[in-house]
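Engineer: Heads up, the sequence shown is in our numbering, so the first residue is 485 and it goes up one at a time.
The following block contains the structure, expressed as structure tokens.
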Amino acid sequence: IPSTPYDAKGLLISAIEDDDPVLFLEPKKIYRAIKQDVPEKLYRIKIGKASVLQEGEQLTLIAYGAMIKPSQQAIQMAKKEGYSIELIDLRTIFPLDKETVIASVKKTGRMVVVHEAPRSFGVGAELMALANEDAFLYLEAPPTRVTGADTIVPLPKGEDLYFPDAERIFDAIRKTIKF
Numbered sequence: 485i486p487s488t489p490y491d492a493k494g495l496l497i498s499a500i501e502d503d504d505p506v507l508f509l510e511p512k513k514i515y516r517a518i519k520q521d522v523p524e525k526l527y528r529i530k531i532g533k534a535s536v537l538q539e540g541e542q543l544t545l546i547a548y549g550a551m552i553k554p555s556q557q558a559i560q561m562a563k564k565e566g567y568s569i570e571l572i573d574l575r576t577i578f579p580l581d582k583e584t585v586i587a588s589v590k591k592t593g594r595m596v597v598v599h600e601a602p603r604s605f606g607v608g609a610e611l612m613a614l615a616n617e618d619a620f621l622y623l624e625a626p627p628t629r630v631t632g633a634d635t636i637v638p639l640p641k642g643e644d645l646y647f648p649d650a651e652r653i654f655d656a657i658r659k660t661i662k663f
């Protein structure tokens, strides 16, 4: 699930060339919201490899797709309060880059997951289980999620209330760090 045009091209080429079936999801919300120069030459982004977009020391913020931009906005808000946040763009959710996630959570001791899907049974729940199984002794606060509500996505008028925004993400960052 790409968050930028660059990642979309590299992941799509990797998906096309993969010997196994690949389900490629594109967040329509960012189709025209993000502009970026993309090289004309072929390049690949490894399926199953996350990207650490920003190094940090106090908390690991994990997102993908359309949730990267509001996560970056929340990090800017957190910087103003002196917080150091590590941002991971998963890029793919299956396979999941467990090594990058666990290494980061062990380093920071805290984790917030952001995704636009409903709260229940989502990627956030899987990542929280992973942190509890593989990094529990390193956790300084309970892992938390900022997600869509446990309901269908509303009509466009209600989307702003449904999807996580920078304010909700920043609130979760602050609460988790102050735990």
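Beta carbons are placed, not taken as given, at the ideal position from N, Cα and C, and that holds for glycine.
Note that the structure is predicted; figures quoted are calculated from it, not measured.
1) May I have a chain-ordered list of the alpha helix (DSSP H) segments no shorter than 4 residues that lie completely inside the stretch 552-637?
2) Using C-beta distances below 6 Å, list every residue in its chain close to Met595, excluding the 5 sequence neighbours before and after it, in chain order.
3) Measuring alpha carbon to alpha carbon, tell me which residue in Val637, Arg575 and Thr631 is nearest Lys530.
4) Using a threshold of 8 Å, state whether the C-beta atoms of Val630 and Arg652 are closer than that.
5) Do you know offhand how far Asp573's Cα is from Glu624's?
6) Reducing DSSP to helix, strand and coil, say where Ala534 ends up.
7) Below 7 Å CB to CB, which residues in the same chain sit around Ala562 once its five sequence neighbours on both sides are set aside?
8) Can you say whether Val585 is buried or exposed, counting buried as having 16 or more other CB atoms within 10 angstroms of its CB?
9) When burial is assigned at 16 or more other CB atoms within 10 Å of the CB, is Phe647 buried or exposed?
10) Would you mind stating whether Pro489 and Val536 have Cβ atoms separated by less than 8 Å?
11) Which value, in whole angstroms, describes the spacing of the CA atoms of Glu617 and Thr592?
Structural biologist: Taking the definition as stated:
1) 552-564, 582-592 and 607-618
2) Thr544, Val589, Ala615 and Pro627
3) Arg575
4) yes
5) 22 Å
6) coil
7) Ile569, Phe654 and Ile657
8) buried
9) buried
10) no
11) 16 Å
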